[in-house]
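Numbering (my numbering), first residue to last: 225 to 386.
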């Protein structure tokens with residue numbers, strides 16, 4: 225007769241949990257449907273086909289409302305409810321943190337523009353490392369009105385307000 229080894233059972237449980245996460249089943253269990261959800265941007269001004277270099281919806285209440293919904297439907301599963309990351313993906317409240325302490329208005333404006341570019345590039349093209357997809361690309365899934373409205377929402381959630 226063999227005896228129960230609690231350390232071996234704990235190790236087996238950890239290995240099973242890791243296997244579930246690595247196969248994607250853990251993502252499905254913990255985050256539900258990961259299919260990108262449509263974003264209704266009909267209440268927002270059309271921005272055209274050329275991508276804007278800066279967020280045209282900064283401080284726009286209608287865009288923030290759309291962005292809140294779009295974020296909750298498409299981003300919260302990885303970046304956390306209300307943009308508070310649980311550690312799976314970057315905490316987007318901290319996206320503009322490097323800009324907050326800048327005293328010079330021109331430097332602060334340039335920093336925010338740079339963060340807009342980083343955000344837009346990341347959302348449009350996604351992020352991969354060593355062939356692994358860390359964030360899927362959303363270009364073709366979301367229009368720029370949807371993407372910029374999400375950024376407008378995130379600006380209301382900043383860790384360090386500008």
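We put the CB at the ideal spot given by N, CA and C, even for glycine.
Fair warning: this is a prediction, and the values are worked out from it, not measured in the lab.
According to DSSP, what are the bridge partners of residue i?
{"i": "residue 351", "result": "359"}
{"i": "residue 339", "result": "Partner(s): none; residue 339 has no beta bridge."}
Just to confirm my understanding: we take residue i, look at its own chain, exclude 5 residues before and 5 after, and list those with CB closer than 7 Å. What are they?
{"i": "residue 249", "result": "Its pLDDT being 42, under 50, residue 249 is placed unreliably by the model, and nothing is read from it."}
{"i": "residue 284", "result": "376"}
{"i": "residue 345", "result": "none"}
{"i": "residue 368", "result": "271, 275, 276"}
{"i": "residue 383", "result": "317, 318, 321"}
{"i": "residue 326", "result": "332, 335"}
{"i": "residue 280", "result": "271, 372"}
Which residue's Cα is closest to the Cα of residue i: the options?
{"i": "residue 375", "options": "367, 275, 340, 384", "result": "340"}
{"i": "residue 269", "options": "304, 286, 312", "result": "286"}
{"i": "residue 359", "options": "366, 368, 348", "result": "348"}
{"i": "residue 293", "options": "379, 273, 383, 370", "result": "370"}
{"i": "residue 282", "options": "379, 384, 383, 385", "result": "379"}
{"i": "residue 259", "options": "383, 335, 365", "result": "365"}
{"i": "residue 386", "options": "306, 361, 337, 308", "result": "337"}
{"i": "residue 278", "options": "299, 363, 306, 342", "result": "342"}
{"i": "residue 261", "options": "308, 295, 267", "result": "295"}
{"i": "residue 352", "options": "313, 324, 381", "result": "313"}
{"i": "residue 297", "options": "267, 350, 263", "result": "263"}
For a test of your reading of the model: does the CB of residue i fall under 8 Å from any non-hydrogen atom of the ligand ZN? Yes or no.
{"i": "residue 361", "result": "You won't find the ligand ZN in this model; it holds no ligand whatsoever."}
Determine the burial state of residue i: buried for a count of at least 16 other Cβ atoms within 10 Å of its Cβ, exposed for fewer.
{"i": "residue 288", "result": "buried"}
{"i": "residue 328", "result": "exposed"}
{"i": "residue 357", "result": "exposed"}
{"i": "residue 304", "result": "buried"}
{"i": "residue 354", "result": "exposed"}
{"i": "residue 330", "result": "exposed"}
Could you name the residues of the same chain whose beta carbon sits closer than 8 Å to that of residue i, not counting the 5 residues immediately before and after it, in chain order?
{"i": "residue 265", "result": "290, 367, 369, 370, 373"}
{"i": "residue 315", "result": "303, 304, 307, 308, 309, 383"}
Closer than 9 Å, CB to CB, is residue i near chain D or not?
{"i": "residue 326", "result": "The structure shown contains no chain D, having only a single protein chain."}
To which residues of the same chain is residue i closer than 6 Å at the C-beta, ignoring the five residues directly before and after it?
{"i": "residue 308", "result": "none"}
{"i": "residue 324", "result": "384, 386"}
{"i": "residue 362", "result": "347"}
{"i": "residue 306", "result": "none"}
{"i": "residue 299", "result": "none"}
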